[in-house]
Amino acid sequence: MMKVELQSVILREEFTVMMKVELQSVILREEFTVMMKVELQSVILREEFTVMMKVELQSVILREEFTVMMKVELQSVILREEFTVVMKVELQSVILREEFTVMMKVELQSVILREEFTVMMKVELQSVILREEFTVMMKVELQSVILREEFTVVMKVELQSVILREEFTVMMKVELQSVILREEFTVMMKVELQSVM
Numbered sequence: 396m397m398k399v400e401l402q403s404v405i406l407r408e409e410f411t412v413m414m415k416v417e418l419q420s421v422i423l424r425e426e427f428t429v430m431m432k433v434e435l436q437s438v439i440l441r442e443e444f445t446v447m448m449k450v451e452l453q454s455v456i457l458r459e460e461f462t463v464m465m466k467v468e469l470q471s472v473i474l475r476e477e478f479t480v481v482m483k484v485e486l487q488s489v490i491l492r493e494e495f496t497v498m499m500k501v502e503l504q505s506v507i508l509r510e511e512f513t514v515m516m517k518v519e520l521q522s523v524i525l526r527e528e529f530t531v532m533m534k535v536e537l538q539s540v541i542l543r544e545e546f547t548v549v550m551k552v553e554l555q556s557v558i559l560r561e562e563f564t565v566m567m568k569v570e571l572q573s574v575i576l577r578e579e580f581t582v583m584m585k586v587e588l589q590s591v592m
């Protein structure tokens, strides 16, 4: 009977230790869950910051390209104005020399200017088309980056789900072991009670 009593005490102590370990395991799982949530939030924030910086960099590049284009356009206007001034001086000199010759040169100049204007408009149209194609290409590239980042987030969430399922399986095994030990303890207590009676 004393051996049974001693065995009962040992089992109760083992059960107490097992419950402490179970409680510690629950606390560690909760801390790990909190830590993983914080880490996931940090990853999301870093990815959002990266996307924001890429968009900001793209905006700076586009502004610089627009500035360069405007400078080139301004230079073109200045050259056209200088060319116009030179042609007016030349025209005035021709008028003073011969009116008929001046009239023919003015007509010819008008034809040349119309042709130059046509060429300039074609170049400008080509520039607009190239800018639109570049804008479309950058939008597609940005969309590709966003899709890759969304896929990365989905894979991280999926990995977290697998880890949680494995932890749940381990916890259920420990819980089952605890139930078995409690049943053995109940049987032992019944035997002890029967022995006392």
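Our numbering applies: residue 396 is where the sequence shown begins, and numbers increase by one. The C-beta atom is built at its ideal place from N, Cα and C for all residues, glycine as well.
### Message
So, does the stretch 404-417 touch the stretch 576-591, judging by three or more C-beta pairs under 8 Å?
### Response
Result yes; three or more Cβ-Cβ pairs closer than 8 Å.
### Message
Helix, strand or coil, according to DSSP, for E493 in the structure here?
### Response
Here E493 sits in coil by DSSP.
### Query
Closest by CA to L486, which one among M498, E477, S556 and L520?
Comparing Cα-Cα distances from L486 to each of M498, E477, S556 and L520, the minimum goes to M498.
### Task
Given a cut-off of 8 Å, decide if V399 and V586 are closer than it, judged by their beta-carbon atoms.
A contact, by the Cβ cut-off of 8 Å.
### Query
Roughly how many whole angstroms lie between the Cα atoms of L469 and V480?
Those two C-alpha atoms are separated by around 17 Å.
### Task
Determine the contact status of E442 and E544, defining contact as a CB-CB distance below 8 Å.
A contact, by the Cβ cut-off of 8 Å.
### Task
Please look up how many angstroms separate the CB atoms of M583 and L406, rounded, as I've assumed it's under 8 Å.
That pair is a contact at about 6 Å.
### Query
Hey, is K500 close to the ligand FAD, as in C-beta under 7 Å from one of its heavy atoms?
Absence of the ligand FAD from the depicted structure is noted, as is the absence of any ligand whatsoever, leaving it without description.
### Task
Note down the Cα distance separating Q521 from T530, rounded to an integer number of angstroms.
Their backbone Cα atoms lie some 14 Å apart in a straight line.
### Message
Output needed for I558: all residues of its chain with C-beta closer than 6 Å, excluding positions within five of it in sequence on either side, in chain order.
### Response
By the criterion of a C-beta distance shorter than 6 Å, I558 is surrounded by no residue of its chain, once the five residues flanking it on both sides are discounted.
### Query
For L435 versus K517, is the C-beta spacing smaller than 8 Å?
Against a cut-off of 8 Å, the Cβ pair of K517 and L435 comes out as no contact.
#### Entry: Backbone CA spacing between F495 and K483 [nearest angstrom]
Taking the straight line joining both Cα atoms gives about 16 Å.
### Message
Distance check for V438 and K432, CA to CA, integer angstroms please.
### Response
K432 and V438 have their C-alpha atoms some 10 Å from each other.
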